[in-house]
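Okay, structure first, notes after.
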Ligand SMILES: Cc1cc2nc3c(=O)[nH]c(=O)nc-3n(C[C@H](O)[C@H](O)[C@H](O)COP(=O)(O)OP(=O)(O)OC[C@H]3O[C@@H](n4cnc5c(N)ncnc54)[C@H](O)[C@@H]3O)c2cc1C
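Quick look at the structure:
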């Protein structure tokens with residue numbers, strides 16, 4: 069528990085209505101999407117960078133850990149107060165400060181919800197591509213801190229590709245500006261990129277300058293249903309190998325489809341064993357041509373049925389299927405581990421075969437879906453924690469999934485980050501000198517180790 073005098077200081081900084089140590093509130097901020105639970109001692113809701121700086125200065129003086137949190141939708145435990153301490157929530161910093169239609173740049177506070185920002189720029193004919201499936205609730209600050217990806221990233225790149233500059237409160241409570249508004253800039257180290265994907269361990273992002281694109285004229289969404297997982301996986305590498313980069317290339321296997329069917333009533337032919345959701349965008353002629361090319365490429369790979377959306381509503385229906393996956397899996401099987409390995413795109417079929425072999429070896433269901441066009445597969449190990457031995461089996465299977473991804477030239481995480489869930493596995497991917505280099509950065513910036521301790525590194 070926080071000492072009453074510390075609680076009083078927090079009240080003075082953010083106002084007494086914006087700090088709480090009530091049990092119910094502490095419980096609300098004790099979890100994320102990983103099903104772990106760590107109770108904070110207090111939760112604060114600052115209004116601006118200056119208040120955040122004061123909280124961090126006090127935390128350094130008193131050696132109290134602080135855990136930045138946006139919407140708490142992370143899949144690696146990044147926002148969880150693993151050692152107790154203060155959870156600092158950014159949801160009051162929720163303003164879109166400006167959208168500059170001449171320079172195609174926007175400036176926002178970190179608590180803005182991703183989809184609300186996308187909708188605001190689209191009204192002006194502009195486009196912010198990164199679209200994590202959590203976009204209805206995730207915050208832009210959380211997206212930057214995790215360098216979030218999403219279906220459209222296969223064509224447009226990930227969050228860091230759209231971040232021009234940041235305002236950051238350093239772990240010791242200084243307010244700094246990184247980058248700027250220009251499309252180029254090479255003065256000093258690229259601190260903006262360092263912050264992207266730093267998982268709340270190197271500073272608290274309080275302002276984000278974002279690069280925008282013109283909104284594509286049109287898009288075409290297709291649901292292609294295959295009679296085998298291998299056919300769909302080969303479809304991914306065949307499309308990319310055919311030198312077409314669609315806007316999205318999402319994959320779901322039969323077990324994922326079954327969970328979605330049970331949860332949402334989705335209708336699919338009995339022969340459906342996997343689907344790809346493929347979208348192309350651009351001018352109308354280009355997308356018609358690309359859609360035809362794609363359908364020709366996948367046709368010999370066991371296509372059972374193709375559904376091409378004719379209206380925006382039909383396109384949204386197809387996307388609803390994809391966005392409901394996570395919740396559907398959870399509904400059917402509440403105990404699951406969602407890992408997000410990423411392999412070179414041509415190795416997607418090999419990775420799927422490796423996962424199937426691991427599932428068979430451990431006699432444990434593993435469900436696959438995800439951004440296959442990026443080689444980023446969400447491998448969901450499904451267990452029932454109440455069954456003795458299942459948790460241990462799952463942990464072994466997860467380690468083998470990571471080893472398989474690395475063997476194929478991939479990575480343990482394409483977009484969910486390390487958090488506390490993957491920190492034990494870090495040495496599998498990074499050599500010791502690289503880990504030492506990273507820890508040296510963390511130590512230099514946060515000598516008291518108060519900002520989001522217990523994340524990325526085990527110690
Ligand atoms: C259903 C579902 C679907 C998802 N789909 C995707 C997907 O397609 N792609 C993808 O990449 N992720 C996905 N995610 C994971 C998650 O939504 C993303 O990681 C998202 O970026 C987290 O945003 P958040 O606001 O919830 O951040 P939180 O979970 O609150 O925090 C995530 C990390 O960011 C840090 N952080 C938050 N705000 C700040 C800040 N202002 N300054 C510094 N650090 C900060 C936290 O300390 C933590 O380490 C999904 C999650 C769910 C539940």
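Residue numbers (my numbering): 69 to 527.
We put the beta carbon where it would ideally sit given N, CA and C, even for glycine.
Bear in mind the structure is a predicted one, so any value in this text is a computation, not a measurement.
If you measure between the beta carbons of residue i and residue j, is that distance less than 8 Å?
i: residue 428; j: residue 347; result: no
i: residue 207; j: residue 239; result: no
i: residue 420; j: residue 508; result: no
i: residue 355; j: residue 464; result: no
i: residue 203; j: residue 183; result: yes
i: residue 106; j: residue 72; result: no
i: residue 439; j: residue 217; result: yes
i: residue 525; j: residue 493; result: no
i: residue 174; j: residue 272; result: no
i: residue 220; j: residue 315; result: yes
i: residue 366; j: residue 306; result: yes
i: residue 70; j: residue 92; result: no
i: residue 222; j: residue 408; result: no
i: residue 454; j: residue 488; result: no
i: residue 415; j: residue 476; result: yes
i: residue 61; j: residue 405; result: This structure leaves residue 61 out entirely; the chain is present only between 69 and 527.
i: residue 134; j: residue 146; result: no
i: residue 400; j: residue 423; result: no
i: residue 167; j: residue 201; result: no
i: residue 473; j: residue 479; result: yes
i: residue 195; j: residue 319; result: no
i: residue 324; j: residue 435; result: yes
i: residue 199; j: residue 180; result: no
i: residue 547; j: residue 284; result: There is simply no residue 547 to check, as the chain begins at 69 and stops at 527 in what is shown.
i: residue 94; j: residue 82; result: no
i: residue 521; j: residue 260; result: no
Could you give the DSSP three-state label for residue i: helix, strand or coil?
i: residue 149; result: coil
i: residue 430; result: helix
i: residue 275; result: strand
i: residue 131; result: coil
i: residue 444; result: strand
i: residue 99; result: strand
i: residue 401; result: coil
i: residue 421; result: helix
i: residue 105; result: strand
i: residue 436; result: strand
i: residue 524; result: coil
i: residue 391; result: helix
i: residue 469; result: helix
i: residue 288; result: strand
i: residue 120; result: helix
i: residue 547; result: An answer regarding residue 547 cannot be provided, because it is not within the stretch 69 to 527 covered by the chain.
i: residue 113; result: coil
i: residue 528; result: Examination of residue 528 is not possible in this model, given that the chain is present from 69 through 527 alone.
i: residue 260; result: helix
i: residue 456; result: coil
i: residue 143; result: coil
In chain order, what residues of the same chain lie with their CB nearer than 6 Å to the CB of residue i, ignoring the 5 residues before and after it?
i: residue 138; result: 158, 207, 209 and 210
i: residue 293; result: 340, 343, 372 and 373
i: residue 86; result: 113
i: residue 126; result: 77
i: residue 484; result: 143, 144 and 408
i: residue 396; result: 327, 328 and 331
i: residue 364; result: none
i: residue 169; result: 192
Please confirm whether residue i has its beta-carbon closer than 8 Å to some beta-carbon of chain C.
i: residue 227; result: Absent here is chain C; the protein component of the structure consists of one chain.
For residue i, which residues of its own chain have a beta-carbon under 7 Å away from its beta-carbon, when the five flanking residues on both sides are left out?
i: residue 264; result: 212, 215, 227, 228 and 231
i: residue 101; result: 141, 142 and 143
i: residue 244; result: 236 and 238
i: residue 370; result: 294, 295, 296 and 299
i: residue 317; result: 222, 304, 307, 344, 346, 440 and 441
i: residue 185; result: 164, 176, 196 and 208
i: residue 337; result: 293, 372 and 373
i: residue 280; result: 172, 173, 174, 189, 194, 195 and 196
i: residue 224; result: 197
i: residue 444; result: 217, 408, 410, 438, 482 and 483
CB-CB under 8 Å to residue i, same chain, minus the five flanking residues each way: which ones, in chain order?
i: residue 131; result: 516 and 518
i: residue 98; result: 105, 106, 107, 108, 148 and 149
Q. Can you give, in chain order, each stretch of the beta strand (DSSP E) that sits fully within the segment 162-247 and has at least 3 residues?
A. Runs of the beta strand (DSSP E) inside the segment 162-247: 164-168, 173-176, 231-237 and 243-247.
Q) Counting pairs of Cβ atoms below 8 Å between the segment 258-275 and the segment 111-126, do you hit three or more? A) The segment 258-275 vs the segment 111-126: in contact.
Q: Can you check the segment 306-351 for any alpha helix (DSSP H) of at least 4 residues that lies completely inside it and give the ranges in chain order?
A: If we require 4 residues or more, the alpha helix (DSSP H) runs fully inside the segment 306-351 come out as 322-332.
Q: Indicate whether the contact test is met: 3 or more Cβ pairs, each with one atom in the segment 241-253 and one in the segment 494-514, closer than 8 Å.
A: They do not touch, by the three-pair rule.
Q | Contact the segment 326-335 vs the segment 384-398: 3+ CB pairs below 8 Å | A | Judged by Cβ distances under 8 Å, the segment 326-335 makes contact with the segment 384-398, as three or more pairs qualify.
Q | Any beta strand (DSSP E) of 3 or more consecutive residues that is wholly inside the segment 476-516 | A | Restricting attention to beta strand (DSSP E) runs no shorter than 3 residues, the segment 476-516 encloses none.
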